[in-house]
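Just below is one structure, and these are the notes that go with it.
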Amino acid sequence: MAILPIIIAPDPKLRKKAEAVTAVDPEIVELMENMLETMYLAPGIGLAAPQIGVSKRVIVLDISKGEGSPDPICMANPKITWCSDETVTYEEGCLSLPKQYDQVTRPAKIRVSFLNKKNVQEECEANGLLATCIRHEMDHLTGTLFVDHLSHLKRTMILRKLKKLKKLNAS
22 MAILPIIIAP DPKLRKKAEA VTAVDPEIVE LMENMLETMY LAPGIGLAAP
72 QIGVSKRVIV LDISKGEGSP DPICMANPKI TWCSDETVTY EEGCLSLPKQ
122 YDQVTRPAKI RVSFLNKKNV QEECEANGLL ATCIRHEMDH LTGTLFVDHL
172 SHLKRTMILR KLKKLKKLNA S
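Each position in the sequence shown, counted from 1, maps to that position plus 21 in our numbering.
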């Protein structure tokens, strides 16, 4: 397994729409395993393939946050099949937007279908933090960042900070 570099915003690669996976083959399983290892080390609770420069519809997550045993979920081609009208607001952050956090409102409950690591179509219901995390990671597959759910002013301030930080780190 390998630790993969995480792309930091602003970067045009984070704005690309990811391509569907034709099948969860050994290459995609290895990608999922590497993504999990990268996510745990970062540390984070979710990671999407575009965040590591791979334009594939693959996400991994684990909301256990190191409390108890790990409970990873790997999804290829995730698709929301239902959302509740009820919403919930969480403070979100992102491995591609380090040390930036803000409140984002999303559906409280969702149903999602996806291909699992064994290339089997699966469907699950999620609520609360898990639903939020799945939606957050799925946004990456369409080139959307959590800051896109904020006001123009907040988004601009956060992206400006990150651009300045990238410039400082590059020099």
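Glycine included, every Cβ here is placed at the ideal spot set by N, Cα and C.
Residue i - DSSP class collapsed to helix/strand/coil
i: Gly149; result: helix
i: Ile80; result: strand
i: Asp32; result: coil
i: Ala70; result: helix
i: Glu158; result: helix
i: Leu174; result: helix
i: Leu166; result: coil
i: Asn140; result: coil
i: Lys185; result: helix
Cβ neighbour criterion (16 or more within 10 Å) applied to residue i
i: Leu116; result: buried
i: Asn140; result: exposed
i: Gly89; result: exposed
i: Thr108; result: exposed
i: Asn98; result: buried
i: Gln121; result: buried
i: Thr59; result: buried
i: Leu161; result: A small correction: the amino acid at residue 161 is His; Leu does not occupy that position in the sequence shown. His161 should be labelled buried.
Endpoints, the beta strand (DSSP E) within which residue i is located
i: Ile101; result: 94-104
i: Glu113; result: 108-115
i: Ala128; result: Before going on, a small fix: residue 128 reads as Pro here, not Ala. Pro128 -> beta strand (DSSP E) spans 118-128.
Nearest-angstrom Cβ-Cβ length linking residue i and residue j, presumed shorter than 8 Å
i: Gly127; j: Glu144; result: Reading the sequence as shown, one finds Arg at residue 127 and not Gly. The pair is not a contact, with the Cβ atoms about 19 Å apart (cut-off 8 Å).
i: Gly67; j: His170; result: No, Gly67 and His170 are not in contact; Cβ-Cβ is about 15 Å, not under 8 Å.
i: Thr102; j: Ser134; result: 5 Å
i: Pro31; j: Leu186; result: Contact flag wrong, Cβ pair sits at about 11 Å.
i: Ile24; j: Gln72; result: Incorrect: roughly 13 Å between the Cβ atoms, too far for contact.
i: Lys34; j: Gly74; result: 6 Å
i: Arg78; j: Val45; result: About 11 Å; that fails the 8 Å criterion.
Terminal residues of the alpha helix (DSSP H) in which residue i lies
i: Asn55; result: 47-62
i: Ile9; result: Shown here, the chain extends from 22 to 192; a query on residue 9 therefore has no answer.
Beta bridge counterpart(s) of residue i as assigned by DSSP
i: Val133; result: Ile101, Cys145
i: Glu40; result: Lys77
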